[in-house]
Amino acid sequence: MRHTLLASSTHTLRKAVKTLGTFPSSSVINAGLKITRNLNRKNNDLISSSTSWNLLETSKKHFSTCSIQHQEALLENEEEPIEREVMEYDVVIVGAGPSGLSCAIKLKQLSQEAGQDISVCVLEKGQEVGSHLLSGACMEPRSIEELFPNYKDLDVPFYTPATKDRMMFLTEKRAFRLPAIEEMNNHGNYIVSLGQIAKWLATQAEALGVDILPGFAADQVVYADENNDRVIGVITKDVGIGKDGKRKDNFEPGIMLKARQTIFSEGCRGSLTKTLYENVKFKLRENCAPQTFALGVKELWEFPDNHPEFESGLIMHSVGYPLDAKTYGGSFMYHFNANGVNRMALGQVTALDYENPTLSPYGELQKLKHHPLFKKMLEGGKCIAYGARTLVEGGIQALPKLSFPGGILIGDTAGFLNVPKIKGIHTAMKSGILGAESVFEALVKDDVEASTFQERFKSSWLYTELYKERNIRAYFKYGLYPGLLLSGIDSIIFRGKTPWTVKMNTTDHAHTKPISEVTKIEYPKPDGKISFDLLTNLARSGTNHNHDQPAHLKLKDEAIPVNVNLKVYGGPEQYFCPARVYEFIPDQAGNPKLKINAQNCLHCKACDIKDPKQNINWTVPEGGGGPSYLVM
1 MRHTLLASST HTLRKAVKTL GTFPSSSVIN AGLKITRNLN RKNNDLISSS
51 TSWNLLETSK KHFSTCSIQH QEALLENEEE PIEREVMEYD VVIVGAGPSG
101 LSCAIKLKQL SQEAGQDISV CVLEKGQEVG SHLLSGACME PRSIEELFPN
151 YKDLDVPFYT PATKDRMMFL TEKRAFRLPA IEEMNNHGNY IVSLGQIAKW
201 LATQAEALGV DILPGFAADQ VVYADENNDR VIGVITKDVG IGKDGKRKDN
251 FEPGIMLKAR QTIFSEGCRG SLTKTLYENV KFKLRENCAP QTFALGVKEL
301 WEFPDNHPEF ESGLIMHSVG YPLDAKTYGG SFMYHFNANG VNRMALGQVT
351 ALDYENPTLS PYGELQKLKH HPLFKKMLEG GKCIAYGART LVEGGIQALP
401 KLSFPGGILI GDTAGFLNVP KIKGIHTAMK SGILGAESVF EALVKDDVEA
451 STFQERFKSS WLYTELYKER NIRAYFKYGL YPGLLLSGID SIIFRGKTPW
501 TVKMNTTDHA HTKPISEVTK IEYPKPDGKI SFDLLTNLAR SGTNHNHDQP
551 AHLKLKDEAI PVNVNLKVYG GPEQYFCPAR VYEFIPDQAG NPKLKINAQN
601 CLHCKACDIK DPKQNINWTV PEGGGGPSYL VM
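When the letters of the sequence shown are read in order and numbered with UniProt numbering, they come out as residues 1 to 632.
Laid out in structure tokens, this is it:
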């Protein structure tokens, strides 16, 4: 099939596009436009004829009559400029998660309904769609029903309907059942693998004519000119550069993908979205609270058919132990049957505004499993997969401005997670649907900005849902017990209609205390049966990177890890990272130095968020590298 060929062969793809120019290799590209020649793609079997830019009739010029002017661009220690190939679409979507794929599907549905044809491309940095997606996950089908009203007749990979809900409060040795609240009612929801849901959505998108390119990591934002006031696309990561920064024999420059609208659906803490936030012209975060995050650490277990503690369809969440009363978080445990195999998704979510720099979210999950409630369930089971990912928790107060000239933000990259429900798939998908409607309108009108997105969101059930839950996460900044009390009053008495709004006022890294002000947390040694050392679990993540490439974890100041992080904070990066990317080792003189094991990286982004001095910048490695979460 055309899409399979396009997605599976980098070499064939590169042959299918024209080499037009030379561009900088910085994180932001200023591309001056100059009319030079037409791109002929109609005779290319690999590129759909729908990629013509003249399908929507407007009075403005389209990129089919434009190329990029030549600019000098040097790699470090080299003099040879980079020539890049250019592909042109009406819409380029960065990230093949639930929001990006839903957006692509809705765009194609709208174009068919209107009798128009627009070209849509989705970039995915993972080796295949779904390989970098991690969630619990218990999914509300509301948004998938909007896209496909007949979804019950389709082969959507829903594993098991949710049949039982339990909310528990844990002490070190005991568990207490908490009263059921509306937000935790999972009747009608399904236990799923987010990776499998994404693969299914990708199949539907391809059937509608969407080009999906896995293994292509978007590395740079492209602006129309040096004013940086309009986005016109992205450039993918160069491949074949060695650790020394020099081009290897297999060097291939990244491709420029130009678009009338570029949609960023990178997931939590998107690396390109960060640069958009820094763009003073867009002012995307000018009128919102600071975003706050959590790190979810997850294991997948298998059980024999006769396991006495396995209850297919059970949804259980907990608060309390093993976290202290100042730290927000909790656990999830979902029992389901996947293609005839009994499985359990188990995870611990830890808010990243915790104070103690020696806290390890990974260590907290290992402690949790030895609680009597979990230990009896896990005995006789087998851990088969492991992963970790950050998630957004700021709520509607922390949502940025959603549109800007040339693009929009959707999904977790903006922050649509419903924290009290512990659900974000249906909200991410809905944001993609709303974004598609706004972008399609902008394309038809030939508007530079999809400016109706903000109002369309405010008029939707998504806004109503998030507004109702807006205060719950913020209450817990006062501690566990005040948070439980206040959230109960908000949910049960006021039903989300409180006359006040509580905000998170500081970023997560600012909460980290010096090591001198805390007691170091000592974690028990794993037993190898229920709990595991980190490297053993890391092997279950399927993580793989090309070792001979520049580290994608970049330090702004190489002196800070030892002189500040280690001396003042006890080296928190060695504790918060769930993949042992960061470790302090002695140099030849016996002095400590930070070693970065970039090949271990799970792409969770915790380091980018929690580093006390914001000295670590997470960037994309070569496309295709990273974890493989398809079974998760």
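Beta carbons: idealized from backbone N, C-alpha and C, even for Gly.
Nearer than 7 angstroms: is that true of the beta carbon of A598 relative to any heavy atom of the ligand NAP?
Inclusion of the ligand NAP in the displayed structure is not the case, the ligand content being empty and no account of it being possible.
The beta strand (DSSP E) that contains T262, what's its start and end?
For this step, residue 262 is matched to residue 262 along the sequence shown. Unbroken beta strand (DSSP E) run through T262: M256 to F264.
Straight-line gap, V91 to G411 (C-alpha atoms, nearest Å)
Numbered from 1 along the sequence shown, position 91 holds the residue referred to as residue 91. Numbered from 1 along the sequence shown, position 411 holds the residue referred to as residue 411. Using only the alpha carbons, I get a separation of about 17 angstroms.
DSSP three-state call for R174: helix, strand or coil?
As a position in the sequence shown, residue 174 is number 174, starting the count at 1. Secondary structure of R174 (DSSP, three-state): coil.
For I232, decide whether its Cβ has a neighbour in chain D, counting only Cβ atoms nearer than 8 angstroms.
In the structure shown, chain D cannot be found, because there is only a single protein chain.
Can you find the residues in the same chain that come closer than 7 angstroms, C-beta to C-beta, to R470, ignoring five residues on each side of it along the sequence?
Reading the sequence shown from its first residue, position 470 is the one you call residue 470. Excluding the 5 residues flanking it on each side, R470 has same chain C-beta neighbours closer than 7 angstroms at G395, I396, Q397 and T501, in chain order.
contact_flag[the segment 471–480, the segment 312–332] where n(CB pairs < 8 angstroms) is 3 or more
With a cut-off of 8 angstroms, the segment 312–332 and the segment 471–480 count as touching, because enough Cβ pairs lie within range.
Between the CA atoms of K430 and I493 - distance to the nearest angstrom
For the purposes of this step, residue 493 is taken as residue 493 along the sequence shown, with counting starting at 1. For the purposes of this step, residue 430 is taken as residue 430 along the sequence shown, with counting starting at 1. Rounded to whole angstroms, I493 to K430 spans 28 angstroms at the Cα level.
Rounded separation between S491 and C138 - CA only
The residue labelled residue 491 in the question sits at position 491 within the sequence shown. The residue labelled residue 138 in the question sits at position 138 within the sequence shown. Our two residues, S491 and C138, have alpha carbons roughly 21 angstroms apart in a direct line.
Roughly how many whole angstroms lie between the Cα atoms of A450 and A202?
Translated into the one-based positions of the sequence shown, residue 450 becomes position 450. Translated into the one-based positions of the sequence shown, residue 202 becomes position 202. Going from the Cα of A450 to the Cα of A202 covers about 24 angstroms.
Which same chain residues end up closer than 7 angstroms to residue 636 when comparing Cβ atoms and leaving out the 5 residues on each side of it in sequence?
This structure gives no information on residue 636, because the portion of the chain shown stretches from 1 to 632.
Which residues mark the beginning and the end of the beta strand (DSSP E) in which S318 is found?
One-based indexing of the sequence shown puts residue 318 at position 318. Element bounds for S318: L314 to G320.
Contiguous beta strand (DSSP E) assignments of at least 3 residues, all confined to the UniProt domain "ETF-QO/FixC ubiquinone-binding" (293–391):
Contiguous beta strand (DSSP E) elements confined to the UniProt domain "ETF-QO/FixC ubiquinone-binding" (293–391) occur at 293–303, 314–320, 329–338 and 341–351, taking only those with 3 or more residues.
Thinking C-alpha only, which one of M632, L276, L123 and K152 is nearest G406?
Translated into positions along the sequence shown, residue 406 becomes position 406. Of the listed residues, the one whose Cα sits closest to G406 is L276.
Could you check what DSSP says for W500 in three-state terms: helix, strand or coil?
The sequence position of residue 500 within the sequence shown is 500, counting from 1. Taken through DSSP and simplified to helix, strand or coil, W500 comes out as coil.
Are the segment 233–241 and the segment 250–263 touching, with three or more C-beta to C-beta distances below 8 angstroms?
The segment 233–241 vs the segment 250–263: in contact.
Determine the closest residue to P157 out of M168, F169 and K199, with distance taken between C-alpha atoms.
Taking the sequence shown and counting its residues from 1, the one referred to as residue 157 is at position 157. Cα-wise, what sits closest to P157 is K199.
Can you list, in chain order, the residues of its chain with a C-beta nearer than 6 angstroms to that of Q196? Leave out the 5 residues immediately preceding and following it.
As a first step, residue 196 is located in the sequence shown; it is residue number 196 there, counting from the start. Closer than 6 angstroms at Cβ, skipping near neighbours: P157.
Would you say the segment 602–619 touches the segment 351–361, given that touching needs at least three Cβ pairs under 8 angstroms?
As far as the Cβ criterion goes, the segment 602–619 touches the segment 351–361, which means the pair count is three or higher.
Taking only runs of the alpha helix (DSSP H) that begin and end inside the UniProt domain "ETF-QO/FixX C-terminal" (528–629), which ones reach a length of at least 4 residues, in chain order?
Counting whole runs of 4 or more residues, the UniProt domain "ETF-QO/FixX C-terminal" (528–629) contains the alpha helix (DSSP H) stretches 534–538, 573–576 and 606–610.
For the candidate residues K421, V210 and K152, whose alpha-carbon lies nearest to that of M167?
Counted from its first residue, the sequence shown places residue 167 at position 167. It is K421 whose Cα lies nearest to the Cα of M167.
Report the residue ranges of all beta strand (DSSP E) runs contained in full by the segment 96–150; include only those spanning at least 3 residues, in chain order.
Correct list: 120–124.
Nearest-angstrom Cα separation, counted from F584 out to N565
Numbered from 1 along the sequence shown, position 565 holds the residue referred to as residue 565. Numbered from 1 along the sequence shown, position 584 holds the residue referred to as residue 584. In this model, N565 and F584 are separated by some 11 angstroms (Cα to Cα).
So who's on the other strand from F169, going by DSSP bridges?
Counted from its first residue, the sequence shown places residue 169 at position 169. According to DSSP, F169 shares a beta bridge with F176 and V319.
Alpha-carbon to alpha-carbon, E183 and V419:
Position 419 of the sequence shown, counted from the start, is the residue given in the question as residue 419. Position 183 of the sequence shown, counted from the start, is the residue given in the question as residue 183. Rounded to the nearest angstrom, the two C-alpha atoms are 10 angstroms apart.
In terms of DSSP beta bridges, what is F404 paired with?
As a position in the sequence shown, residue 404 is number 404, starting the count at 1. Beta-bridge pairing links F404 to G407.
Spatial neighbours of L443 within its chain, please: CB distance less than 7 angstroms, with the 5 preceding and 5 following residues excluded, ordered by chain position.
To locate residue 443, count along the sequence shown from 1; it is residue 443. Around L443: L56, D90, I118, R260 and Q261.
Kindly indicate which residue of P621, K593 and R580 has the alpha-carbon position closest to the one of S360.
In the sequence shown, counting from the first residue as 1, residue 360 sits at position 360. For the set P621, K593 and R580, the Cα lying nearest the Cα of S360 is the one of R580.
What does a CB cutoff of less than 6 angstroms around L630 pick up in its chain, not counting 5 residues either side in sequence?
As a position in the sequence shown, residue 630 is number 630, starting the count at 1. Counting only residues of its own chain and dropping the five nearest sequence neighbours on each side, L630 has a CB closer than 6 angstroms to the CB of G130, S131 and G195.
Once you ignore the five residues that flank H307 on each side, which residues in its own chain have a CB closer than 8 angstroms to its CB?
Numbered from 1 along the sequence shown, position 307 holds the residue referred to as residue 307. So the qualifying residues of the chain are N342, G380 and G381.
In this structure, does DSSP put M632 in helix, strand or coil?
Against the sequence shown, residue 632 aligns to sequence position 632. Secondary structure at M632: coil, using DSSP grouped into helix, strand and coil.
Through-space distance from I82 to S25, alpha-carbon basis:
Along the sequence shown, read from residue 1 onward, the residue named residue 25 stands at position 25. Along the sequence shown, read from residue 1 onward, the residue named residue 82 stands at position 82. Only weak support exists for where S25 lies, its pLDDT of 38 falling under 50; the value from the coordinates is given anyway. Distance between the alpha carbons of S25 and I82 is about 8 angstroms.
Would you decide whether I212 is buried or exposed? Buried here means 16 or more other CB atoms lie within 10 Å of its CB.
Translated into the one-based positions of the sequence shown, residue 212 becomes position 212. I212 should be labelled buried.
Just the Cα atoms here: how many angstroms apart are T619 and L272?
If you number the sequence shown from 1, residue 619 lands on position 619. If you number the sequence shown from 1, residue 272 lands on position 272. Going from the Cα of T619 to the Cα of L272 covers about 9 angstroms.
Hey, quick one: how far does the alpha helix (DSSP H) through G483 stretch, first residue to last?
Residue numbering aside, residue 483 sits at position 483 when the sequence shown is read from its first letter. L480 to G488 is the extent of the alpha helix (DSSP H) around G483.
Looking only at C-alpha atoms, which of Y467, V562, P357 and W461 sits nearest to E522?
Residue mapping note: residue 522 aligns to position 522 of the sequence shown, counting from 1. Per the Cα distances, P357.
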